[in-house]
Amino acid sequence: MSVSESKSREILVLDDDPVVLAALRETLERERYNVHAFNSAKSALAGLEERAYATIISDQRMPEMTGLEFLDKCKQKQPNASRILITG
Numbered sequence: 012m013s014v015s016e017s018k019s020r021e022i023l024v025l026d027d028d029p030v031v032l033a034a035l036r037e038t039l040e041r042e043r044y045n046v047h048a049f050n051s052a053k054s055a056l057a058g059l060e061e062r063a064y065a066t067i068i069s070d071q072r073m074p075e076m077t078g079l080e081f082l083d084k085c086k087q088k089q090p091n092a093s094r095i096l097i098t099g
């Protein structure tokens, strides 16, 4: 796997529901993605400072901020990452 392929497999997942977070992580890892799972927006924003992500997935309804607010902050920090908003 090349360096660019490796970078394209980095995914940040944010969800405050541990069951949903585990299911997303398991599903994506099964497809050989490198998943970095966070259960709070604060910790996920700190994670954005540590590595570049190809894709960022966020739940909409969370206690600290909405998923849309979180993804807006992600766009400022990592404008080239794809952003996906989920809701249940």
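Take any residue in the sequence shown, count from 1 to its spot, add 11: that is its number in our numbering.
The C-beta atom is built at its ideal place from N, Cα and C for all residues, glycine as well.
Backbone CA spacing between residue i and residue j [nearest angstrom]
i	j	result
Thr66	Gln87	14 Å
Ile95	Asp28	17 Å
Ala57	Asp26	15 Å
Leu59	Gln89	8 Å
Ser51	Leu39	19 Å
From the options, residue whose alpha carbon lies closest to that of residue i
i	options	result
Ser22	Ala63, Phe81 and Pro29	It should be noted that the sequence gives Ile, not Ser, for residue 22. When each option's Cα is compared against that of Ile22, the closest is Ala63.
Tyr44	Val31, Ser19, Leu25 and Glu61	Ser19
Ser54	Gln89, Ala92, Phe81 and Gln71	Phe81
Gln71	Glu42, Pro90 and Asp83	Asp83
Residue burial classification, residue i (beta-carbon count within 10 angstroms, cutoff 16)
i	result
Ser13	Because the pLDDT of Ser13 is 47, which lies under 50, any placement of that residue in the model is unreliable, and the number read from its coordinates should be weighed accordingly. Looking at its Cβ environment, which holds fewer than 16 other Cβ atoms inside 10 Å, Ser13 is exposed.
Gly78	buried
Ala48	buried
Ser69	buried
Inside the region 48 to 80 only - beta strand (DSSP E) runs reaching at least 3 residues: 66 to 70
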